[in-house]
Amino acid sequence: MGTEEMKEIQFDRIKDAVAKLCIDANCLLGDDVVQALKDGLKIEESPAGKDILNQLLENEQIARKEMMPICQDTGWAVVWLKLGSGVRVQGGELYDAVQQGVAKGYKDGYLRKSIVKDPLRRENTKDNTPAIIYADIVPGDGLEITVQPKGGGSENMSEVKMLSASDGAEGIKKFVVDRVARSKANPCPPVLVGVGIGGTFEKCAMLAKHSLLREVGSIHPDPFYAAMEKELLERVNKLGIGPQGLGGRVTALAVFVEAFPCHIATMPCAVNINCHAARHQTVTL
Amino acid sequence: MAKKITAPLTAETVKDLRAGDSVLISGTIYTGRDLAHKRLTDSLKAGEKLPFDLAGAVIYYVGPSPAKPGQVIGSAGPTTSYRMDAYSPQLMENGLRGMIGKGNRTPVVLDAMKQHGAVYFAAVGGAAALMARTIKAARVIAYDDLGPEAVRELTVEDFPAIVINDMYGGDLYEQGVAKYKKD
């Protein structure tokens with residue numbers, strides 16, 4: 005394709021779109037999660053648990069109406085890009101547009117700045133950058149941008165384990181259920197459990213993170229993994245942790261599995277925990 | 175029925191509280207999370223004066239989002255408490271009587287609570303916009319350079335929380351999960 009046929013997208017258009025996505029993602033909880041919380045109310049047996057689910061629903065309404073963050077931890081800005089091979093960015097670099105968009109969104113939206121420059125020296129960057137950017141080049145002339153703000157408390161309850169093929173599906177399931185059990189009240193249950201299986205060490209963790217973009221209530225297209233997700237959700241919800249860890253039925257709203265080809269010697273599994281605030285917004289330019 | 179209590183807490187108030195009690199807290203509490211805890215305990219070690227009086231104090235583990243124009247504070251739900259476990263016993267030795275956060279504490283902290291007569295409350299994590307409504311005034315009193323981690327003095331009115339750990343070893347998380355666990 006010659007450059008004369010390339011679609012041009014302006015730098016500022018990307019920057020403004022990213023800023024809006026950051027604000028919307030943090031203040032507007034998805035309908036799928038709202039529905040899952042309402043469904044949770046029907047099965048929750050614990051009075052305290054019901055109370056908490058109702059508070060989360062009330063909180064969602066206030067956040068939506070007042071455009072306030074659902075949670076004060078407005079997260080790392082994880083940004084997924086699908087850049088069409090027929091697209092050229094005009095007026096600057098794509099990554100700069102994303103970073104500047106995140107800084108603008110977190111400032112304009114009164115979102116919390118939660119990123120420190122260095123893990124040990126811990127000085128706040130004051131604009132919530134850098135964003136974590138994952139970019140794919142895909143056919144076509146569109147640019148799809150997804151912003152997935154990820155909170156720290158639930159991230160801390162996440163883990164990668166290098167299992168062996170001999171551990172089988174049960175080995176994976178035990179690890180996932182155990183990871184949720186050990187998380188107890190810490191990640192603000194009810195949680196969403198993202199599971200990555202296969203790939204390399206780091207790919208596996210990305211699969212787990214990416215799986216958290218799925219719609220709550222959706223069924224995995226592969227019946228094998230659909231069955232695994234269903235079983236995992238049942239087992240997790242038998243742990244008794246319940247909303248906020250006070251005891252109850254609704255420990256998780258969903259378990260999402262994303263699998264990928266694997267090396268003959270390995271079977272990595274990653275569990276990425278998300279609180280009920282499964283925040284993500286997508287736009288295509 | 176929720177018990178109405180006033181912060182700072184008296185020894186009598188703490189003695190009255192049991193794991194599982196719902197409370198509504200009014201009065202003055204202080205925010206503090208990871209880095210603020212490190213600075214507070216470093217100050218204690220150095221024999222320096224703290225930015226607020228620890229006697230009977232309640233610390234809320236929160237890093238609020240910024241206030242919009244016209245707001246007292248932004249969203250303000252609890253952060254996970256275990257990260258403060260390394261510092262909490264030293265603060266209790268020096269008068270701290272209440273902690274508000276979410277999630278499980280280590281045995282060292284629970285022991286210090288028994289020894290010094292302190293209580294650990296949970297607020298609902300993720301209900302941050304709702305909780306902000308009970309905060310009537312907020313001002314940064316120390317460590318402004320830490321941004322969201324600065325220490326703020328909050329005036330609260332009927333701030334809802336639940337007693338997780340009392341000074342007698344009661345643990346609502348353990349009791350609750352045991353009740354609903356299925357094999």
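So the protein lines, in turn, are chains E and P.
If you count by this note's numbering, then the first sequence holds residues 5 to 289, one letter each, in order.
If you count by this note's numbering, then the second sequence holds residues 175 to 357, one letter each, in order.
Ideal placement from N, C-alpha and C gives every residue a C-beta, glycine not left out.
Check	Outcome
Minimum Cβ-Cβ distance from P/Asp364 to chain E less than 9 Å	Beyond the ends of chain P as shown, which are 175 and 357, falls residue 364 of chain P; an answer cannot be given.
Local conformation of P/Arg371 per DSSP, three classes	The first residue shown for chain P is 175 and the last is 357, placing residue 371 of chain P beyond what the model contains.
Whole runs of the alpha helix (DSSP H) within the region 224 to 285 of chain P, excluding any shorter than 4 residues	262 to 267
Environment of E/Leu124 [buried if 16+ CB atoms lie within 10 Å]	exposed
is_contact[P/Glu331, chain E] using C-beta, thresh 9 Å	no
N-terminal and C-terminal residue of the beta strand (DSSP E) that E/Cys273 is part of	271 to 278
Alpha carbon of E/Asn128 to alpha carbon of E/Asp77, nearest angstrom	14 Å
Integer Cβ distance of E/Glu29 from E/Arg283, believed to fall under 8 Å	The question names Glu, but residue 29 of chain E in the sequence shown is Ala. Their Cβ separation, rounded to whole angstroms, is 4 Å, which keeps E/Ala29 and E/Arg283 in contact under 8 Å.
Under 7 Å by beta carbon: chain E residues contacting P/Ser217	Those within 7 Å of P/Ser217 in chain E number zero; the least Cβ separation is about 18 Å.
CB contact check: E/Glu12 to chain P, cutoff 9 Å	no
Residue-level contact to chain P via CB, E/Lys178, 9 Å cutoff	no
8 Å Cβ cut-off: residues of chain P touching E/Ile47	Neighbours of E/Ile47 on chain P: none; closest Cβ ~12 Å, over 8 Å.
Residues near E/Met5 by beta carbon distance below 8 Å, same chain, minus five either side	Unreliable positioning characterises E/Met5 in this predicted model, as indicated by a pLDDT of 49, which lies under 50. A coordinate reading is not provided.
Any C-beta of chain E under 9 Å from that of P/Leu198	no
Cutoff 6 Å; reference P/Gly275; Cβ partners in own chain excluding five residues on either side	Tyr235, Pro252, Ser255
E/Phe264: first and last residue of the uninterrupted beta strand (DSSP E) it sits in	Premise fails: E/Phe264 is in no beta strand (DSSP E) and is neither H nor E.
Any 3 or more C-beta pairs closer than 8 Å across the region 258 to 271 of chain E and the region 198 to 209 of chain E	yes
E/Gly95 beta carbon less than 9 Å from that of E/Glu219	no
Chain-ordered residues of the region 202 to 213 of chain E with a beta carbon less than 7 Å from chain P	none
Residue-chain proximity (E/Gln76, chain P), Cβ-Cβ < 9 Å	yes
Coil, strand or helix - E/Gly200 by DSSP	strand
The alpha helix (DSSP H) enclosing P/Val351, as first and last residue numbers	346 to 354
C-beta contact flag for E/Val259 and E/Val180 at 9 Å	yes
Buried versus exposed, by CB contacts within 10 Å (16 or more), P/Phe333	buried
Straight-line gap, E/Leu32 to P/Tyr294 (C-alpha atoms, nearest Å)	31 Å
Closest residue to E/Leu41 among E/Gln285, E/Pro247, E/Lys69 (Cα-Cα distance)	E/Pro247
Under 9 Å from the C-beta of E/Leu60: neighbouring residues of chain P	Val298, Gly300, Ala301, Leu304
Interfacial residues, the region 125 to 137 of chain E to chain P, with Cβ spacing under 7 Å	Arg126, Asn128, Lys130
Cβ-based burial, P/Ile247 [other Cβ within 10 Å; buried from 16]	buried
Contact set between E/Trp119 and chain P, taken where Cβ atoms lie within less than 9 Å	Trp is not the amino acid found at residue 119 of chain E; the sequence shown has Ile there. Within 9 Å Cβ-Cβ: nothing; E/Ile119 doesn't reach chain P, min ~10 Å.
Span separating the alpha-carbon of P/Ala312 from that of E/Trp80	25 Å
When E/Glu9, E/Pro51, E/Lys108, E/Leu25 are compared against E/Ile149, the one with the closest alpha-carbon	E/Leu25
Interfacial residues, the region 319 to 345 of chain P to chain E, with Cβ spacing under 9 Å	Asp319, Leu320, Gly321, Pro322, Glu323, Pro334, Ile336, Ile338
Boundaries (first-last residue) of the alpha helix (DSSP H) holding E/Met232	227 to 241
Distance, E/Gly249 Cα to P/Gln349 Cα	10 Å
Within chain P, the residues that E/His280 reaches when beta carbons sit closer than 8 Å	Gly300
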